[in-house]
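Going by the working numbering, the first residue of the sequence shown is number 2, and it counts up by one from there.
Even glycine gets a Cβ: it sits at the ideal position worked out from N, Cα and C.
For reference, the structure discussed in these notes is given below.
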Amino acid sequence: KFIGYKVKFIQNITDVGHMSEDFIEDKILAQAKKESKDPYEIAKIYEARFHSDLKLLNINPANNYPKASECIDLMHDLISKLITKGHAYVGSDNCVYFSAQSFEGYGAISGNRLDSLKPGHKFEYTEEGAKRFHADWALWKVAENRTEMIWNSPWGKGFPGWHIECSAMSLHYLNNFVDLHLGGIDLRFPHHENERAQSNCAINNEAVSLWVHGEHLLFEGRKMAKSAGNVVLVSDLIDRNLDPLCLRLCFLENRYRSQMDLSWDSLKAAHQTIQRWRDKILIWQNSKEIDLTEVKKIVNEIITDLIDDLDTPRALQKLRKIEKSQELSDGTKFEVFKEVDVLFGLDLLNSFSSKAEIPSHLNELLSKRAKARSLGDFVESDRLRDLLAENNILVKDGKDGQSWDWLI
């Protein structure tokens, strides 16, 4: 988008059909039962939290957030089309299945070919003999004893399978072609492999140009899990007086294709880095000496890094080098950081407070104090430090310059 592309971003909300790992129970229904709530209420609660976290992390909203439960008709139409084309059938248990063997290109994403998949691999549980081939998967499942989140269909009352919603929504909202399809590495197989088969068979063409997968996120050496007691939420960062954008910086410092091991130490370090940059920008913005040619050159170099498979770590290395440069003027540094922050979204021109936005007059005092100290006027810098303390702001001086935090 930064370099001129018109971007249409669709992110689906799986409020039905998100099956548990044994493929027996819908996760939304399971959570609703656990919390004694209506399943749609559960879905709305967690969707609201999701959108709230997106805002805290400065993630631009999608153009549309279609919900699976609101796109059932799209799924019915797609399933009917696949049946007509000979890619799907009604099994002996009255569920509708995709015929995996009807799609010759299966396995292009994950390398898992049908002839090497044995019965018992990770596919949903099915009655013995219900499917024609063990690797076939359900597009529509009959309700049986299920009474919630079920719909009428040409094949009886039931609910969608795990994969059909993504094909139906992406083909509909992106007009039968997706440039970039994103998702976690754990979805590569079988979910994305099955989605690709469904979509390609429906339109007789390759539906997705590039499948992009992010690697697993660990926390302090372990996979995040409730059972391990190491699940960390964005709200937990705020509770520890950390800017939520420190998490964004941690992500930027890691290649999306590489497994990431997050820790409280790395989050605190990222918080300090963001604060240091904001403090320095308060000083740099006062400089009138700007080399616009150099600014353009540096920004283009950083864009080149991002075009190279989103190499954000290398781009950040350039920012750190610019920060320490003795050759570049403060004004040039300010312009570079300002332009690059449009891409990185770290709000470097704003100050963070876990309690309230810092007033502009206190921002001005911080800037004056940093300038006084840089000029060796320690009497004035101490006076301003005490004045800031009276306004509940603690100023610290370190090897990287001035930083501040709220007094608790």
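Asked                                                                                                                     : Found
Three or more C-beta pairs below 8 Å linking the stretch 304-313 and the stretch 277-292                                  : no
Residue burial classification, aspartate 23 (beta-carbon count within 10 angstroms, cutoff 16)                            : Per-residue confidence for aspartate 23 stands at a pLDDT of 41, beneath the threshold of 50, marking its modelled position as unreliable; no derived number is given.
Three-pair Cβ contact test at 8 Å for the stretch 197-208 versus the stretch 101-112                                      : yes
Beta-carbon spacing of glycine 215, isoleucine 186 below 8 Å                                                              : yes
Straight-line gap, leucine 344 to leucine 58 (C-alpha atoms, nearest Å)                                                   : 13 Å
Beta-carbon gap between isoleucine 291 and cysteine 247 smaller than 8 Å                                                  : no
Cβ distance (whole Å) where glutamate 221 is taken to contact asparagine 231 below 8 Å                                    : 7 Å
Own chain, CB closer than 6 Å to asparagine 13, minus 5 neighbours either side, in chain order                            : Pro67, Met170
CB contact flag (lysine 132, tyrosine 98, <8 Å)                                                                           : yes
Close-in-space but distant-in-sequence residues of the same chain around histidine 164 (CB under 7 Å, 5 per side omitted) : Trp138, His192, Asn195, Glu196, Gln199
DSSP three-state assignment for tyrosine 174, whether helix, strand or coil                                               : helix
Spatial distance of threonine 1 from arginine 114 (CA atoms)                                                              : Absent from the model: residue 1. The displayed extent of the chain is 2 to 409, so no value can be given.
Residue span of the alpha helix (DSSP H) that contains isoleucine 394, given as start and end                             : No alpha helix (DSSP H) contains isoleucine 394, which is instead part of the beta strand (DSSP E) from 394-399.
8 Å Cβ cutoff met for tryptophan 152 and isoleucine 73                                                                    : yes
Identity of the residues DSSP links to valine 143 by a beta bridge                                                        : Gly159
Between the CA atoms of glutamate 381 and alanine 373 - distance to the nearest angstrom                                  : 6 Å
When Leu363, Phe379, Ile304 are compared against lysine 2, the one with the closest alpha-carbon                          : Ile304
Under the three-state DSSP convention, the category tyrosine 47 falls into                                                : helix
Beta carbon of glutamine 260 nearer than 8 Å to that of histidine 217                                                     : yes
Limits of the unbroken beta strand (DSSP E) element including glycine 332                                                 : Glycine 332 -> not in any beta strand (DSSP E); alpha helix (DSSP H) instead, spanning 331-345.
Buried versus exposed call for proline 62 [16 or more other C-beta atoms within 10 Å across all chains shown]             : exposed
Among Pro245, Lys227, Ser228, Ala226, the one whose alpha carbon lies nearest that of valine 235                          : Pro245
Coarse secondary structure for leucine 246, derived from DSSP in three states                                             : helix
Three-way DSSP call (helix, strand, coil) for alanine 89 in this model                                                    : strand
3-residue-minimum beta strand (DSSP E) runs that sit fully inside the stretch 52-121, ordered along the chain             : 89-91, 97-99
First and last residue of the uninterrupted beta strand (DSSP E) at serine 210                                            : 209-215
CB contact flag (valine 143, aspartate 94, <8 Å)                                                                          : yes
Own chain residues within Cβ distance below 6 Å of serine 355, not counting five before or after                          : Because the pLDDT of serine 355 is 46, which lies under 50, any placement of that residue in the model is unreliable, and the number read from its coordinates should be weighed accordingly. The answer, listed in chain order, is Ile239, Asn242.
Outcome for threonine 15 when other beta-carbon atoms lying within 10 angstroms are tallied against a minimum of 16       : buried
Helix, strand or coil at isoleucine 11 [DSSP, three-state]                                                                : strand
Closest by C-alpha distance to lysine 400, when choosing among Leu389, Asn392, Lys325, Arg384                             : Lys325
Backbone secondary structure at leucine 311 - three-state DSSP                                                            : coil
DSSP-derived helix/strand/coil call for valine 296                                                                        : helix
Between the CA atoms of lysine 297 and lysine 82 - distance to the nearest angstrom                                       : 51 Å
Valine 213 vs methionine 225 beta-carbon contact at 8 Å                                                                   : no
Start-to-end residues for the beta strand (DSSP E) that takes in aspartate 262                                            : 261-263
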